[in-house]
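One structure below.
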Amino acid sequence: MENLSYLFAAYAAVWVLLFVYVVVLSRRNRALEREIDELRQLLQRHQAS
Amino acid sequence: MSSNRRLIDLILAPLAGLGMLLAIYMVFIYVPSDQAQGIVQRIFYFHVPLAIMTFLAFGVVAVASVMFLWQGTRFWDRLAHSAAEVGMLFCTLVLITGPIWARPVWGTWWTWDARLTTTLILWLIYAAYLMMRTVSGPGDQGARYAAILGIVGAVDIPIINRSVYWWRTIHPAVLVTREGSSGLNDPRMQATLGFCFVAFFLLFVWLVWVRNENARLRDAVEGMRQHVLTGHEA
Numbered sequence: 001m002e003n004l005s006y007l008f009a010a011y012a013a014v015w016v017l018l019f020v021y022v023v024v025l026s027r028r029n030r031a032l033e034r035e036i037d038e039l040r041q042l043l044q045r046h047q048a049s
Numbered sequence: 001m002s003s004n005r006r007l008i009d010l011i012l013a014p015l016a017g018l019g020m021l022l023a024i025y026m027v028f029i030y031v032p033s034d035q036a037q038g039i040v041q042r043i044f045y046f047h048v049p050l051a052i053m054t055f056l057a058f059g060v061v062a063v064a065s066v067m068f069l070w071q072g073t074r075f076w077d078r079l080a081h082s083a084a085e086v087g088m089l090f091c092t093l094v095l096i097t098g099p100i101w102a103r104p105v106w107g108t109w110w111t112w113d114a115r116l117t118t119t120l121i122l123w124l125i126y127a128a129y130l131m132m133r134t135v136s137g138p139g140d141q142g143a144r145y146a147a148i149l150g151i152v153g154a155v156d157i158p159i160i161n162r163s164v165y166w167w168r169t170i171h172p173a174v175l176v177t178r179e180g181s182s183g184l185n186d187p188r189m190q191a192t193l194g195f196c197f198v199a200f201f202l203l204f205v206w207l208v209w210v211r212n213e214n215a216r217l218r219d220a221v222e223g224m225r226q227h228v229l230t231g232h233e234a
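Line order of the protein sequences matches chains A and B.
The numbering used here applies: residue 1 is where the first sequence begins, and numbers increase by one.
The numbering used here applies: residue 1 is where the second sequence begins, and numbers increase by one.
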């Protein structure tokens, strides 16, 4: 099938870049949520003491 | 994340994912190949929606930037920054998929055609916007300068859109040809393109939502750090 490699390259580029972006964002969001929980616990400890 | 935010994420993410999977089915199974260009024409079903969503993203940047300059609230600034980042991703994909399509059809990866050149300019403008946001750090002044750039940069969008009519260009005018008709003759092609628009719109909304959550969480972390420091000093 002529030009199949170009078709594959275009769709591969789209899916790879989208996937990488989503994974990076999700990891950052989870890390930030963990940090918020830790800071919340730190604040509660200081308020209790 | 609050329960409402989780609910929104639980609705948007599967919708976007399902939409994209169905789009793939329509592009590779449902729609017939173009008689003139063959299978490489199927790149178009992602390339065109990516371009339209790029315009939407930078339009959101411009509107949110205006609102931020007017009202000064972090909500609008976060939305502008989030839309700009997603818009850059989509614009990058436009500039990748376009040349991949062009190579077998035009015999060249790139030409300084009006539409390609103005799209590249758009990419450079918003790359500068994101660099400005990164370099300036937190605080209103950098955000204000970036907002002005975001508003000015949006001027390029109608120029890109009209470029195939204003200048002599080899870029296809597909949705509305120079003669005024649609460039797609087969109803299955029209349906596939229409569905891809919907799928990419859902994807765009979800990505902006996730990126905006990221910005909101960063603001929350910064606020709590300040609170902890204040508590230490007190």
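We put the CB at the ideal spot given by N, CA and C, even for glycine.
If we ignore side chains and look at the alpha-carbon of each, how far apart do L42 of chain A and T230 of chain B end up? 13 Å
According to the Cβ coordinates, are G98 of chain B and I125 of chain B closer than 7 Å? no
Residues of chain A with CB under 8 Å from W101 of chain B, in chain order? Y6 and A10
Run down chain A in chain order and give the residues with a C-beta less than 8 Å from the C-beta of N214 of chain B. L25, R28, N29 and L32
Counted within 10 angstroms of its Cβ, other Cβ atoms place S3 of chain B as buried (16 or more) or exposed: exposed
Check whether chain A comes within 7 Å of L116 of chain B, counting only Cβ atoms and requiring the distance to be less than that. no
When the Cβ atoms of the segment 79–86 of chain B are set against those of the segment 15–22 of chain B, are three or more pairs found closer than 8 Å? no
What does P104 of chain B touch in chain A if you count any residue whose Cβ is under 7 Å from its own? N3 and Y6
Against chain B, with Cβ distances strictly below 7 Å, would A110 of chain A count as a contact? Residue 110 of chain A lies beyond the residue range present for chain A, which begins at 1 and ends at 49; the question has no answer from this structure.
CB contact check: E38 of chain A to chain B, cutoff 7 Å: no
Per DSSP, cross-strand counterpart(s) of D34 of chain B: B:G38
Between A114 of chain B and T54 of chain B, which are expected to be in contact by the criterion C-beta below 8 Å, what is the C-beta distance as a whole number of angstroms? Not confirmed; about 17 Å, so no contact.
Is it buried or exposed, I11 of chain B, if we count other Cβ atoms within 10 angstroms and call 16 or more buried? exposed
Which class does H46 of chain A belong to by DSSP, given the choice of helix, strand or coil? helix
Of the listed residues B:V63, B:R42, B:L7 and B:I52, nearest to I160 of chain B (C-alpha basis): B:I52
CB of D156 of chain B within 7 Å of CB of I100 of chain B, strictly: no
Quick one: grab the DSSP three-state call for V210 of chain B. helix
Excluding sequence positions up to five away, which residues of its chain have a Cβ less than 7 Å from the Cβ of A62 of chain B? G150, I151 and A154
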